[in-house]
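Q: Numbering (this note's numbering), first residue to last: 11 to 620. Heads up, the beta-carbon is just placed ideally off N, CA and C, and yes, glycines get one too.
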């Protein structure tokens, strides 16, 4: 047991050793480890005695799995009877299954043991011993978690050390050399090379433990080719290539063969998502960088690259400034750049002249919606049910002739018959009252007759209005009632919308900051024209003129707008109410500078009160 306590190896060998020890010490017949997966699934992790390849699972595992699914929490122990399949007296069997539920990093683990104790005391002793043995699994999980945390701390410590060593230097060359030396020392690199993008090629800036190097040597050229291969693909390049890798490693393999054999790992250095440099690490061919080492090096490159780039730019600044000053002086002295300066000046002057002197049409952009000039809404005349629909959207109708829809009148006719019966009843009562000289009752009967006659006239009026006839000539633009046959309708509910076509107009939504362009010096709305294009026919421009402007601003889509009604000077056969698009109102000609800077000028004047 002490040997199991000190073990730190992988889970599967540990489990095999644990089950073997449990069966050897306590006289357990068989043992297994079950892991829960999902809500009601179990997976066999280990079995003892070990099974031969292709052998079937032990017979007792079915009973163990059935009871293991019923365990709902860790730390619970269950003992169940487990007779053999061919046992003639299963009730008298001594076989028992002891199930010990344990907590695991992912889900739960159930340790299952098959025992055959001679009595209850022996069973209790076996349970106590097996619970103790099963607890060693939890101890091994704790050891594994502690080892993982220790390795993570070691990686973080290495990362901090590399970053700290690099940041100690204020010059790019010293920082790059310290960075490559530290990486070589920490990760056992035979050679670590750092290169940065210079123009279209990668240029070597530092090689570990090498103060000076010649870029014309084969080694440096092969290194730069390998780094450019990593930069072009924007991914890590590892040689020997891992299984499943799909990147190209031709240059890296040539570097490994010609200057090794070594393992090669190239990692990109990025800034703002763009590759600006490459770090190449070479190690012995039989000792390449592990996956964990690549992960920590990836983090190191991300942390160090901003500092190295800043130092590189700082060191190059004075040289670049001196070169620019020398080039400017020589251009002024020899006139080499004079032609380009003239062309640049002419181009700028031309742009300014075009902006100030050229004039263009100032147009107000506004969204619009087409509507009919004459449009009627046809509601339901009374509460009832829809009996028939005779038209659909798009049908042309004639006033007083076209039947649009019919409402059911069966109930109304029954009510009418009832009203006639009541009228006859009241008349008879009135006649009897007059015959007997009962004046008061005769008056009451007369009043009831008048009420019944009013009900009859109302019902006859409703029956007459059950057939809905077109009130105007035009086209049905909404009201597809064929799917609502038999459905109830309420009084005033809109059944159809009819518009007189042709005869359309548009309503524009002009932004508040451009409405002043439609006002003349006297404060009156001035006539203006423009063109509009619908979404369905964007290339067909329809001319219009402004007819009326709503003097009150409205809020539309979280901005203030004025509604401007325009009259279409031309109509199209395909134009229908409800179509939308973009309209442009011509409000005069202005300089291009005013057109380009108009929105900015209005915004500045609004903010600064100019």
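Which value, in whole angstroms, describes the spacing of the CA atoms of residue 608 and residue 362?
A: 16 Å
Q: At which residue ranges does the region 192 to 220 contain complete alpha helix (DSSP H) runs of 4 or more residues, listed in the order of the chain?
A: none
Q: With a cut-off of 8 Å on the beta carbons, I'd call residue 237 and residue 212 a contact; round off their distance for me.
A: 4 Å
Q: Pull the bridge partners of residue 535 from the DSSP assignment, please.
A: 529
Q: Which of the three DSSP states, helix, strand or coil, is assigned to residue 19?
A: Any reading at residue 19 must be qualified, since the residue scores a pLDDT of 47, below 50, and its modelled position is unreliable; the value itself is stated next. Three-state result, residue 19: coil.
Q: Grab the span of the beta strand (DSSP E) containing residue 414 for me, first residue to last.
A: 413 to 417
Q: Opposite residue 123 in the DSSP bridges: which residues?
A: 41 and 108
Q: Could you say which of 128, 574 and 256 lies nearest to residue 527 if we only look at CA atoms?
A: Nearest of 128, 574 and 256 to residue 527, Cα basis: 574.
Q: Quick one: grab the DSSP three-state call for residue 273.
A: strand
Q: Just to confirm, is the Cβ distance from residue 218 to residue 185 under 9 Å?
A: no
Q: Kindly identify the DSSP beta-bridge partner or partners of residue 377.
A: Bridge partners of residue 377 according to DSSP: 519 and 592.
Q: Spatial neighbours of residue 614 within its chain, please: CB distance less than 8 Å, with the 5 preceding and 5 following residues excluded, ordered by chain position.
A: Excluding residues within five positions, the ones whose Cβ falls inside 8 Å are 620.
Q: Residue 277 and residue 246: beta carbons closer than 9 Å?
A: yes
Q: Specify the secondary structure class of residue 405 as computed by DSSP and reduced to three states.
A: Residue state, collapsed to three classes: coil.
Q: Determine which residues share a DSSP beta bridge with residue 578 and list them.
A: In the DSSP assignment, residue 578 forms a beta bridge with 554.
Q: Taking the CB atoms as reference points, tell me whether residue 590 and residue 378 lie closer together than 9 Å.
A: yes
Q: Below 8 Å on the Cβ atoms is my guess for residue 473 versus residue 414; work out the distance and round it to an integer in Å.
A: With 8 Å as the limit, residue 473 and residue 414 do not qualify as a contact, their Cβ atoms being about 17 Å apart.
Q: Mapping DSSP to helix, strand and coil, what is residue 508?
A: strand
Q: Thinking residue 587 and residue 381 are a contact (beta carbons under 8 Å), I'd like their distance in whole angstroms, please.
A: 5 Å
Q: Could you say which of 557, 592, 366 and 260 lies nearest to residue 545 if we only look at CA atoms?
A: Cα-wise, what sits closest to residue 545 is 592.
Q: If you draw a straight line from the C-alpha of residue 492 to the C-alpha of residue 605, how long is it?
A: 53 Å
Q: Taking the alpha-carbon positions, what's the residue 435 to residue 386 distance?
A: Using only the alpha carbons, I get a separation of about 44 Å.
Q: So residue 469 and residue 489 are in contact, right, with Cβ under 8 Å, and what is the actual spacing, rounded?
A: With a Cβ gap of about 26 Å, residue 469 and residue 489 do not count as contacting.
Q: Per DSSP, residue 86 is paired with what?
A: Answer is none; residue 86 lacks a bridge partner.
Q: Does residue 501 pass the burial test, meaning 16 or more other C-beta atoms within 10 Å, or should it be called exposed?
A: Result: exposed.
Q: In its own chain, which residues sit with a C-beta less than 8 Å from the C-beta of residue 106, not counting the 5 before and 5 after it?
A: 89, 90, 91, 92, 124, 125, 126, 127 and 133
Q: Hey, how far is the Cα of residue 70 from the Cα of residue 109?
A: Roughly 12 Å between the two C-alpha positions.
Q: Under the rule that 16 or more other beta-carbon atoms within 10 Å means buried, what is residue 600, buried or exposed?
A: exposed
Q: Indicate whether the contact test is met: 3 or more Cβ pairs, each with one atom in the region 540 to 556 and one in the region 565 to 579, closer than 8 Å.
A: Three or more Cβ pairs drawn from the region 540 to 556 and the region 565 to 579 lie within less than 8 Å of each other, which places the two stretches in contact.
Q: Once the 5 residues before and after residue 616 are set aside, which same chain residues still bring their CB inside 7 Å of it?
A: none
Q: Report yes or no: do the region 367 to 374 and the region 559 to 573 share at least 3 C-beta pairs separated by less than 8 Å?
A: no
Q: Rounding to the nearest angstrom, what Cα-Cα distance links residue 396 and residue 503 in this structure?
A: 12 Å
Q: Have a look at 233, 242, 252 and 284 and flag the residue whose alpha-carbon is nearest the alpha-carbon of residue 270.
A: 233
Q: Which of helix, strand or coil does DSSP assign to residue 392?
A: coil
Q: Beta-carbon within less than 8 Å of residue 137's beta-carbon, same chain only, minus the 5 sequence neighbours each way: which residues are those?
A: 87, 89 and 108
Q: Among 290, 260 and 295, whose alpha-carbon lies nearest the alpha-carbon of residue 307?
A: By alpha-carbon distance to residue 307, the top candidate from 290, 260 and 295 is 290.
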